[in-house]
Amino acid sequence: MVDKVKIFAKLLPRLEQVLKGRAAREEKLQRVCDLLKAEVPYFDWVGFYITDPEKPDDLVLGPYNGAPTEHVRISVGTGICGRAAQTRRMFVVQDVSKEANYLACSPDVQAEIVLPILVGGGVWGELDIDSHTLAPFSSDDGEFLGKVCALVAEMVRGQS
Ligand code: SME
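So that you can map any letter, position 23 of the sequence shown is 35 in the working numbering, and since no number is skipped, the others follow by simple counting.
In structure tokens form, the structure reads like this:
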């Protein structure tokens, strides 16, 4: 059994260091994806979707780590990502086969968690994680990833 609390406790300061560092925004977001995917065994695809400033009803794929996806642009309201943006709330799906409004990236994916990144009262983007394990997410994941998204939001506010 994976000791996720231990993994998260060790990982959060490393992610904070990356996000508060001097690299460019894209590079930091890529590093966050790489670290999350490498360190959490049931995180099989980790990526950011960013709200298109030209078309705020669309989310555009940003840095990610995992299999390439055809879903490079998602409309608000569509799929799990689009609905998390619409409600501005975390969306956890423990079994994607039971979701009607779902955009499949790979048949291996069994569960997904999406968290909006809120900046200035709007959805700046989202953190999206797919898992090949069924029902892998608990409140610990939500709490940890919420902290990661708060750090990303802080970085975005600081750079804009
Ligand atoms: N499954 C997502 C689409 C993005 S992929 O997981 C990378 C959704 O339903 O919104």
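C-beta atoms are modelled at their ideal positions from N, C-alpha and C, and glycine is treated no differently.
Discussion item. Nearer than 6 Å: is that true of the beta carbon of residue 198 relative to any heavy atom of the ligand SME?
Written reply: Outside the shown range of the chain, which is 13 to 172, sits residue 198, and nothing can be said about it.
Fill in: Cross-strand partners of residue 136 (DSSP beta bridge)
The partner list for residue 136 (beta bridge, DSSP) is empty, contrary to what the question assumes.
Discussion item. Can you check which of these residues, 25, 37, 128, 132, is closest to residue 97 by C-alpha distance?
Written reply: 128
Discussion item. Once the 5 residues before and after residue 19 are set aside, which same chain residues still bring their CB inside 7 Å of it?
Written reply: 51, 52
Discussion item. Looking only at its chain, what residues have a beta carbon closer than 6 Å to the beta carbon of residue 115, apart from the 5 residues adjacent to it on each side?
Written reply: 83, 91
Discussion item. My output table needs one value for residue 96: the three-state DSSP class, helix, strand or coil.
Written reply: helix
Worksheet item: Is residue 161 near the ligand SME, going by C-beta to nearest heavy atom under 6 Å?
Response: no
Fill in: Rounded straight-line distance, which links the Cα of residue 112 to that of residue 165
30 Å
Worksheet entry | Whole-angstrom distance between residue 61 and residue 105, CA atom to CA atom | 17 Å
Discussion item. Which residue wins for smallest C-alpha separation from residue 55, given the options 72, 40, 136, 77?
Written reply: 77
Worksheet entry | Distance, residue 170 Cα to residue 81 Cα | 30 Å
Discussion item. Quick check: the Cα distance between residue 26 and residue 162, rounded to an integer number of angstroms?
Written reply: 15 Å
Worksheet item: Assuming residue 160 and residue 139 make a contact with CB atoms under 8 Å, what is their CB distance in whole Å?
Response: 7 Å
Practice prompt. With a threshold of 6 Å, establish whether the CB of residue 54 neighbours any heavy atom of the ligand SME.
Written response: no
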